[in-house]
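Residue numbers (my numbering), protein chains in the order written: chain A, 118 to 460; chain B, 118 to 460; chain C, 118 to 460. The structure appears below as structure tokens.
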Amino acid sequence: MGKTVKEIAEFLGGTFSGDGDAVIENVKGLDEAGQGDLSFLSNPKYRKKIDTTEASAILVSPEIKSDKTLIHVKDPYIALAKVLSLFHDPENHPSGISGQAFVAEGAEISEDAVLYPGVYVGPKAVIGKRVILYPGVKIGPQVVVGDDSILYYNVTVYGRCLIGKKVIIHAGVVVGSDGFGFANPGRDNFKIPQVGIVQIDDDVEIGANTTIDRATLGKTWIQKGVKIDNLVQIAHNVVIGQNSIIVAQVGISGSTTLGRSVIIGGQSGLIGHINIGDAVMIGAQSGISEDVDSNQIVSGSPHMPHRQWLRTQAIIGRLPELYKKISLLENQVREMESKLKKE
Amino acid sequence: MGKTVKEIAEFLGGTFSGDGDAVIENVKGLDEAGQGDLSFLSNPKYRKKIDTTEASAILVSPEIKSDKTLIHVKDPYIALAKVLSLFHDPENHPSGISGQAFVAEGAEISEDAVLYPGVYVGPKAVIGKRVILYPGVKIGPQVVVGDDSILYYNVTVYGRCLIGKKVIIHAGVVVGSDGFGFANPGRDNFKIPQVGIVQIDDDVEIGANTTIDRATLGKTWIQKGVKIDNLVQIAHNVVIGQNSIIVAQVGISGSTTLGRSVIIGGQSGLIGHINIGDAVMIGAQSGISEDVDSNQIVSGSPHMPHRQWLRTQAIIGRLPELYKKISLLENQVREMESKLKKE
Amino acid sequence: MGKTVKEIAEFLGGTFSGDGDAVIENVKGLDEAGQGDLSFLSNPKYRKKIDTTEASAILVSPEIKSDKTLIHVKDPYIALAKVLSLFHDPENHPSGISGQAFVAEGAEISEDAVLYPGVYVGPKAVIGKRVILYPGVKIGPQVVVGDDSILYYNVTVYGRCLIGKKVIIHAGVVVGSDGFGFANPGRDNFKIPQVGIVQIDDDVEIGANTTIDRATLGKTWIQKGVKIDNLVQIAHNVVIGQNSIIVAQVGISGSTTLGRSVIIGGQSGLIGHINIGDAVMIGAQSGISEDVDSNQIVSGSPHMPHRQWLRTQAIIGRLPELYKKISLLENQVREMESKLKKE
């Protein structure tokens, strides 16, 4: 399966310097790579490692120079993605429906879909072409799963939810559980039925054990190309705009709407019923309690412009010092005042 | 299945204005509703939408006026819950025990319980009347599940835990995993066996992928009517008082006790071994490290009275400005002092 | 099964005061214990309960005095762990491979392993001696599970990951899901294949619904003796050093490395690509964005030395007061300045 440095550079549409005939058998990180391994540098923080790595060649951006054998590409991270496909075969799957899967009456399974043991598909569900349902996946009644989607181990999709094409859902994800809606909270906690659905559009990827609640009415909507990390909470009637990125452990409260290309850092929380514009960036551990206009970068809880937040953060730890300064000033002013009075 | 506005108003014990003969076929949100749809207004933030909605009628509170056809009720959110039952049939279930469910020796399954494919019920477990165990539910040995409870897909209940009546547990919830108890933490991490249980009382609802650990000794106790959202962590020996509301991604540490009707906002954390009184409200993303008396509203990390927190939040972002003010004051005072000395 | 106080003291290598012939039948908390029960005091906060407990005997540290029957031991919490083994039998398991488990071709199951119904073991996986796979466990292709490990209900291990010996993994945990790696985030979200693995060493315990992502290249590595609580997120290529303790809902971002014996409080977040030294303690709800040297205690977001953080926290709630003080000082200084000018 070996490829030469020259072949790989051509495959990637890049150039090489050094030994073009070196044979690459595998791809590894800079620290682990050895003879026969290709490595990559995408985070400039690790630039010095080029001098110490044992890799036979390194994928780098055009401005990097070294005596080592280099493959220069515009974006080494994307090049890494492409080159990995040369050296790593995709998982093999058995064909068809396992005898230990359960398909309810009226469900439609496309002939080339794969249903592993322990899969459950409810009544009138529709499973698209080349869909892979890993062991333990549970599909509720009337769910539709689009072509080429992959649902990993123990994913649950409640009834009537819609999953698009080329969607990847990792293990333990729950799609379509009831939204958290109770009238008179803390008193009689009267349950509001959650009769809406979740709609997940094409090319979405969802991380392990994330939860996405169904809408009270209408739909909770994850739009095309959105990527969601692990252990994220998406409440009822939330809309997440195209290509947005939601990092791990974020929580988004009910009926909040995100524009396109929003990026939310890990562990942030968004209150309900607000609108976040397009291309907003929200720092990790932020708390967002108001609308945010498009193209803003905000951080903090309460959130503020990111630059202001950086300045604020720099001062937080100096509060004890500020406190002392103020006390000192108070004493000085008091003394001066009494002096002035005497005069 | 259509009902007239007049019929619905009567069913809800409310009154109507406008076209009482308009026929309602479905219930939708204000934005999505059209001809034949009933909608509702419960959040005053959306009041203007009454003017623009295409709904044939709107559930509103008594003080709302409009030329549109309105159904006036005391609490539109509760009325919504009631009216949804007119238009949405509950899910149909197969009857009895699936041939692909597994029931261990000595387990008792009430005749009218539903066990879907992939359900496991351990030795000596007792499953009550009309209980529904969705595909993939795992019930450990000696667990008791009370009448009319619903456990959704892939819920796990470890051995000996007790689930009350009319309890709803959403997909992926884990009840009864070991509490996190290790002696000499960071050194030998000696495991303390967790031999207690979890007891969940009647009318509790638990959101997807939430985890509730068993007690070291005795029980972790979720009392009657408590509602817990998704991805919440409840540690060993915690007690949550009746009708309390725990929003998504909250974490409650070991042996902490909550009174009745406590409401905790999303992503808050409570330290262990503290007592929270009745009817306490805790804001989102708070950090609670001490007892809180009944009827308090607190926020922040560290927590403080909610009003104080609001004032504090307003100042946080102005810290850089305060810092400059202090520096300026220091200069002014220094100058004045030297002036006074000269004199 | 009863044991006398004297027998228990001997078993624990401790001493007793009071009635050595009292017969103990069970172990309970101080509040619940009655006639025939042994209880324990390890948290000094509850010392007064010794006077009120109905327990027949109490495990205490050497300095505690009381008229009650006491068993004095060096560490009552460890003694509790040992004594529980006298009174609580471990769960019984059926032997062998359930007829409702699925073992793929080429998988090796040690003869004395237990596979419950609904277990799936993928091609070429290796399951060690005395391993227990609870109902619904899913083991991907080529996974290795070491001897004496216990995987509870619905645990998922993706392909090629390595689980050591005597590992305990609680229900719903996901090991080996794809790391969150996308080039051009927010724009085309180009997926970077995640071809590395997760390696979990011996004696690790992992709490319910925690997620551990596989490495992009190489491995995400949980070293020997690490204990991880519920709902924790471990990103790709993270390394957690021996005997570290990670409390619930912590999130650790990609490629961050922890030394030995690190303790991280609940809900804290660590940014990616940083190094945390040995024996670092990180307070709950902290946000760590830089390297931390060994043996530091840090808290806060942004983090700072714990003592500084305590002083800072004490001032946060007084910001409105500080703000007023500064305004007052400004007025005073202004007045004095105009006075001085006049003179």
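The C-beta atom is built at its ideal place from N, Cα and C for all residues, glycine as well.
Residue-level contact to chain A via CB, C:K199, 8 Å cutoff: no
Residues of chain C with a CB under 7 Å from the CB of B:F307: which are they? I195, A198
Partners in chain B for C:I362, counting only beta-carbon separations shorter than 9 Å: F297, F299, P302, G303, N306
Residue interval of the alpha helix (DSSP H) (run including A:K145): No alpha helix (DSSP H) contains A:K145, which DSSP labels as neither H nor E.
Which residues in the same chain as C:I117 place their Cβ atom closer than 6 Å to its Cβ, once the five residues preceding and following it in sequence are excluded? No answer is possible for residue 117 of chain C: the residues shown for chain C start at 118 and end at 460.
Who are the near neighbours of A:Q259 in its chain, counting only those whose CB is closer than 7 Å to its CB and skipping five residues on each side? K241, A242, G276, R277
Contact list for B:G252 against chain C, beta-carbon separation under 8 Å: It is worth fixing the name first, because residue 252 of chain B is Pro in this sequence and not Gly. What B:P252 touches in chain C: nothing, since even the nearest Cβ is about 10 Å away.
Residues of chain C with CB under 8 Å from B:K255, in chain order? G235, Y251, P252, G253, Y270, N271, A288
Close Cβ partners of B:K145 (< 8 Å) along its chain, the five nearest in sequence each way excluded: G151, D154, L155, S156, A172
So does the segment 122-133 of chain C actually touch the segment 448-459 of chain B, counting three or more Cβ pairs closer than 8 Å? no
Beta strand (DSSP E) segments (min. 3 residues) lying fully within the segment 249-317 of chain B: 291-294, 314-317
Please confirm if the segment 401-413 of chain C is in contact with the segment 382-389 of chain C, defined as three or more CB-CB distances below 8 Å between the two stretches. yes
Going along chain C in order, which residues have a C-beta closer than 9 Å to the C-beta of B:R428? L436, P437, Y440
Output the distance between the C-alpha atoms of C:A198 and B:G293, rounded to the nearest integer angstrom. 18 Å
Check distances from the C-beta atoms of the segment 366-399 of chain B to those of chain C and list, in chain order, the residues that come in under 8 Å. Q366, G368, S370, Q384, G386, I388, H390
Spatial neighbours of B:V343 within its chain, please: C-beta separation below 6 Å, excluding the five flanking residues on both sides. V321, I357, S361
Do the segment 204-211 of chain A and the segment 182-191 of chain A touch if we need at least three Cβ pairs shorter than 8 Å? no
Please classify A:S416: does DSSP put it in a helix, a strand, or coil? strand
Pick helix, strand or coil for C:S156, following the three-state DSSP scheme. strand
Tell me whether the beta-carbon of C:V349 lies closer than 8 Å to the beta-carbon of C:G324. yes
Close-in-space but distant-in-sequence residues of the same chain around A:F219 (CB under 8 Å, 5 per side omitted): V236, Y237, V238
Give me the Cα-Cα distance between B:D346 and B:V364, rounded to the nearest whole angstrom. 5 Å
Quick check: B:E225 and A:G335, are their CB atoms within less than 8 Å of each other? no
Can you have a look at A:G130 and say buried or exposed, based on whether 16 or more other CB atoms are within 10 angstroms of its CB? exposed
Need the endpoints of the beta strand (DSSP E) that B:A174 sits in, please. 174-177
Establish whether the CB of A:L348 and some CB of chain C are separated by less than 8 Å. yes
Please decide whether C:G146 counts as near chain B, where near means a Cβ-Cβ distance under 8 Å. yes
Give me the subset of the segment 313-328 of chain B whose CB atoms are less than 7 Å from a CB atom of chain C, sorted by chain position. N326, T328
Alpha-carbon to alpha-carbon, C:K246 and C:E228: 7 Å
Interface residues of chain A facing B:D192 [CB-CB closer than 7 Å]: A300
Do A:I309 and A:G298 have their C-beta atoms closer together than 8 Å? yes
Helix, strand or coil, according to DSSP, for C:P437 in the structure here? helix
Using a Cβ cut-off of 8 Å (strictly closer), state whether C:Q425 contacts chain B. no
Under 8 Å by beta carbon: chain A residues contacting B:E447: K442, L446
Hey, how far is the Cα of B:W426 from the Cα of B:P419? 10 Å
Any Cβ of chain C within less than 8 Å of the Cβ of A:E171? no
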